[in-house]
Every structure is written in structure tokens, then in C-alpha cells.
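2 protein chains.
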Amino acid sequence: MDTHLHHDHIESHLQSSDLITDVVIGMSDGLTVPFALAAGLSGAVDSTSLIVIAGLAEIAAGSIAMGLGGYLAGKTEIDHYNSELKREYDEVEKVPEREKAEVKEFFANLGFSEALQHEAVKEMTKDKDKWVDFMMKYELGLDKPDPTRARKSAFNIGISYIIGGIVPLTPYFFVDDTLQALKYSTLITLLCLFIFGYFKSKVTGVNPWWGALRVTLIGAAAAACAFGVARLIESA
Amino acid sequence: MDTHLHHDHIESHLQSSDLITDVVIGMSDGLTVPFALAAGLSGAVDSTSLIVIAGLAEIAAGSIAMGLGGYLAGKTEIDHYNSELKREYDEVEKVPEREKAEVKEFFANLGFSEALQHEAVKEMTKDKDKWVDFMMKYELGLDKPDPTRARKSAFNIGISYIIGGIVPLTPYFFVDDTLQALKYSTLITLLCLFIFGYFKSKVTGVNPWWGALRVTLIGAAAAACAFGVARLIESA
């Protein structure tokens, strides 16, 4: 009962951390890159509507690229798992003694005595499916990937990127002067990055204040760098 | 000797896949997002120099955000590992019977007989360090992260993004007409995405032609979407 609950706990822990990973990936880039792009353009052009166009084009491009990037990463993981699974079945069939030696080595590394190693290998290799499952999980460290994960991941990352990206652009919708809009954009984006960094760090078990500061400084650095680059080229 | 070689093989496999993962992450976004941004702006503005400014600002912002994103992901992994390690040591100290039951359950899941489970738990829990190490690796599925990985990852992803991002911008340096530059940009970027997708798929064991097509279509979709969004806003 207790171990069952414990298992459920781990499962739900892993699932929520998948979603959180996606949101963190999407939103931290979504808040940072369109913000930095808008900041860069604010130093080089006079028209806020141009910055809005560039910003929304970037959000469209970034959310598709990142979402599909997440999708492909998930798909690749599944393909990789299946090709390794096929290879393990082949090896168990063709070179069973070598595969048995690998199982034995696993238990030797756990600190089992010689006698116990033999016993464990005997029980472990009785059932071919269990044997292959064991090799996949504990020799190669591969868990069976969730087949729906790739699609969910694409969606979560894409949406998070769009939500994050709209934040820094908002002032440019309402303010005509680019440098004035940049001031508001910087204010709200750094505030959002700080709050985002705080909760992200809470979830991952890092000191939240330090984590919040770290995320905020990255956003500021990216924006400052983009601003500098755009100014340099514009004045060249 | 054989198992040692086998172990080295796995290690080098993992290391090269870390680097490849970084390059894939950085370059697929680097080729796609600045390309799509440039495509979007080509449909809405007349000046190639403006597109160059926006593109370089995006590359500066994107490479910093993605590189630092990779850095933070690596750092978070290390912090997470250390906090879980501390908790496992605490639990082994405070609730050893529950932890022993979890070890027993692990061996039960492997298909061990009741007698062998007892034997295995006894040997496994003799040494506290080995015990905790076992819990970390096989109950929580956490490997000790490489402490230098975060920095390497940041660098690899950032550089890959810059290299990828320069490709679609190149025509805008040399051609004055934005739509003409977009044609060349589309040609060389889709070609690069195809080649990139081909080799990436070869490495990950996916059918390379299908993988190449998939990556190319994503880039084209992102660019078309950005172009459409920018046109829509510009004409509104």
C-alpha cells in the first residue's frame, strides 16, 4: 500500500515535471527573445508598429519552431527507444552469454556476492521479455516514452512561448515613441521574468530569490546585447 | 575486458549524444527562427538593412537566451540531484525499514523469488553509500550530472544558434530588394535544413530522407506563418 502510494507519487511527480519543463522552456524563451528583439529594434528604428510586426512575426516563428522542436525531440526519443529495443531482443537471441555477463556485472556493481550474482542472473534471464526490459531500463537507462508526449509537449511549449512573447510587446501597441515603449516593456518583462523565475525555482527546489534574480539577469543581458548590436549596425 | 570496453562504448555514446543534442537544439532553432523572422519582415517592409538589423538582434537575443537556457537547465539538474541526494540520506537514516521495503519492491519487480529478494536487500543495504547510490539511480532514475556540462551546453547551443542564424540572413547583406533576398534566403535555408535534417536523423537512427523532409517542412511552415502574420498586420 505504502509502496504503491509512493510509486503513484513518483509517477505524478514525473508527469507534472514534464509539463513544467515544457512551460519553463517555452515561457523563458518567449519572455526573453521577443523582449530582446523589441529592445534591439527600439534602439534602431522609429516606428513602434514596425516593432509590433517584427515581434509578432518572431512569436509566430518562435512558437512554431520551438513547439515543433519539442515534437521532434519527443518523436526522436520514441524512435530511438524502439530501435534500441529491437537490438536488445536480437542480442539476447544471438549472444545470450554476453548479455548474461552484462546482467551479472550490473549486480556485481550493486555489491552482490558472487553466489548471489549467479542466483540473480538465473532468475533475471528466465523470462526473455523481463530480461530485455531490464537491459533497456538499467543497462541503457531508457524508459519507455509516452507516445502522446511529443504532441502534448509541442502544444505546451508553443502556447507558453506565445503567452510569454505577448508580454514584452504590449507597450508597443499603446505607446508611439519607441524608447518610451521600451521603458514600459523592460519594466513589465523584467517583473514577469522575476515572478516566473521565482516560481520556477520553487518547483525545481532551487533558492527562489536567487533563481528569480538569475532568470531576470539573463533577460536583461539578452535585451542589452540585442540593443547594442542593433545600435552598432544602425550607426555603421 | 569486454564489459569494460562495452562500458566505455556507452559512455562515449552518451557524451557524443550530449553534444549532438546541443547542436541540434541550437542549430534547428537558429536556422528556423531568424529565417522565419526575415521572411516575415520581407513581406512587410522595404528595407533589407532593417531586416539585417532585426535578424542580428534576434540572433544576439536568441543565442543568449538559448545558451543561458541550456546553462540553467544543466544547473537545475545538478541542484535537483543534490537536493534529492540529501533527502535519500535522510530517509535511509530516519525510516530505514520503509527504504528497505522499496529496495525489496525493486527486486520483486525484476521477478526475483521471495528468498532472493531478502538476500538481495540484505547485501544491498549493508553499505549506506551504496544503498543511497542505488536508490538515486534505480528508484528515482537520477544519474549524477556532470558539473561542467551546464557551461559546455550553454556554449554549444549558443554557437550553433549563431551559425544557423547567419545562413538565412546572408542574402539580405548583398541584395537590395527584400522579396528577391527572401527567394535566395529560402533557397539556401531550406537546403541547409534538409542537409542538417539528414545528418541529424542519421545520428538518431531515424530514416534520414524522411527526417530531412520533416525538418525542412517545419522551417517552411514557420517562415510561411511569420510571412502571413506580418502581411496581415501590415495591411490592417
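Residue numbers (this note's numbering), protein chains in the order written: chain A, 30 to 265; chain B, 30 to 265. Idealized CB from N, CA, C, for every residue including glycine.
With respect to the alpha helix (DSSP H) encompassing residue i, which residues constitute its N-terminal and C-terminal limits?
{"i": "Gly194 (chain A)", "result": "Arg178 to Phe203"}
{"i": "Ala130 (chain A)", "result": "Pro125 to Asn138"}
{"i": "Lys155 (chain A)", "result": "From DSSP, Lys155 (chain A) is part of no alpha helix (DSSP H); its letter is neither H nor E."}
{"i": "Gly248 (chain B)", "result": "Pro237 to Ser264"}
How about residue i and residue j: do their beta carbons lie closer than 8 Å?
{"i": "Ala83 (chain A)", "j": "Leu101 (chain A)", "result": "no"}
{"i": "Thr207 (chain A)", "j": "Ile80 (chain A)", "result": "yes"}
{"i": "Ser189 (chain B)", "j": "Gly99 (chain B)", "result": "no"}
{"i": "Lys173 (chain B)", "j": "Tyr118 (chain B)", "result": "no"}
{"i": "Gly187 (chain B)", "j": "Gly55 (chain B)", "result": "yes"}
{"i": "Met165 (chain B)", "j": "Glu113 (chain B)", "result": "yes"}
{"i": "Ile70 (chain B)", "j": "Ala86 (chain A)", "result": "It is Leu, not Ile, that sits at residue 70 (chain B) in the sequence shown. Contact: yes."}
{"i": "Phe136 (chain B)", "j": "Ala149 (chain B)", "result": "yes"}
{"i": "Gly103 (chain A)", "j": "Ser182 (chain A)", "result": "yes"}
{"i": "Thr218 (chain A)", "j": "Val196 (chain A)", "result": "yes"}
{"i": "Gly140 (chain B)", "j": "Met153 (chain A)", "result": "yes"}
{"i": "Val235 (chain A)", "j": "Thr105 (chain B)", "result": "yes"}
{"i": "Glu120 (chain A)", "j": "Glu128 (chain A)", "result": "yes"}
{"i": "Asn138 (chain B)", "j": "Leu48 (chain B)", "result": "no"}
{"i": "Gly194 (chain A)", "j": "Ile88 (chain A)", "result": "yes"}
{"i": "Lys229 (chain A)", "j": "Val53 (chain A)", "result": "yes"}
Could you check how far apart the C-beta atoms of residue i and residue j are, in whole angstroms? I think they sit under 8 Å.
{"i": "Gly226 (chain A)", "j": "Thr245 (chain A)", "result": "6 Å"}
{"i": "Ala68 (chain B)", "j": "Ala252 (chain B)", "result": "4 Å"}
Just mark residue i as buried or exposed, buried being the case when its beta carbon has 16 or more other beta carbons within 10 Å.
{"i": "Asp8 (chain A)", "result": "In the structure as shown, chain A starts at 30 and stops at 265, and residue 8 (chain A) therefore has no counterpart that could be examined."}
{"i": "Thr177 (chain A)", "result": "exposed"}
{"i": "Asp51 (chain B)", "result": "buried"}
{"i": "Gly170 (chain A)", "result": "exposed"}
{"i": "His33 (chain B)", "result": "Caution applies to His33 (chain B), whose pLDDT of 36 falls short of 50 and renders its modelled position unreliable; the model cannot decide the point."}
{"i": "Trp238 (chain A)", "result": "exposed"}
{"i": "Phe256 (chain B)", "result": "buried"}
{"i": "Lys14 (chain B)", "result": "No answer is possible for residue 14 (chain B): the residues shown for chain B start at 30 and end at 265."}
{"i": "Ala179 (chain A)", "result": "buried"}
{"i": "His42 (chain B)", "result": "Bear in mind that a pLDDT of 44 at His42 (chain B), under 50, signals an unreliable position, so the model cannot answer this."}
{"i": "Ile224 (chain A)", "result": "exposed"}
{"i": "Ala210 (chain B)", "result": "buried"}
{"i": "Ala265 (chain B)", "result": "exposed"}
{"i": "Gly202 (chain B)", "result": "One point to set straight first is that residue 202 (chain B) is Phe, not Gly, in the sequence displayed. With fewer than 16 Cβ atoms within 10 Å of its Cβ, Phe202 (chain B) is classed as exposed."}
{"i": "Val124 (chain B)", "result": "exposed"}
{"i": "Ile191 (chain B)", "result": "buried"}
{"i": "Ser142 (chain B)", "result": "exposed"}
{"i": "Leu97 (chain A)", "result": "buried"}
{"i": "Leu222 (chain B)", "result": "buried"}
{"i": "Cys254 (chain A)", "result": "buried"}
{"i": "Asp37 (chain A)", "result": "No answer about Asp37 (chain A) holds up, because its pLDDT of 37 lies below 50 and its placement is not dependable."}
{"i": "Phe64 (chain B)", "result": "buried"}
Check whether the Cβ of residue i lies closer than 8 Å to any Cβ atom in chain C.
{"i": "Ser264 (chain B)", "result": "In the displayed structure, chain C is absent; the protein chains listed are A and B."}
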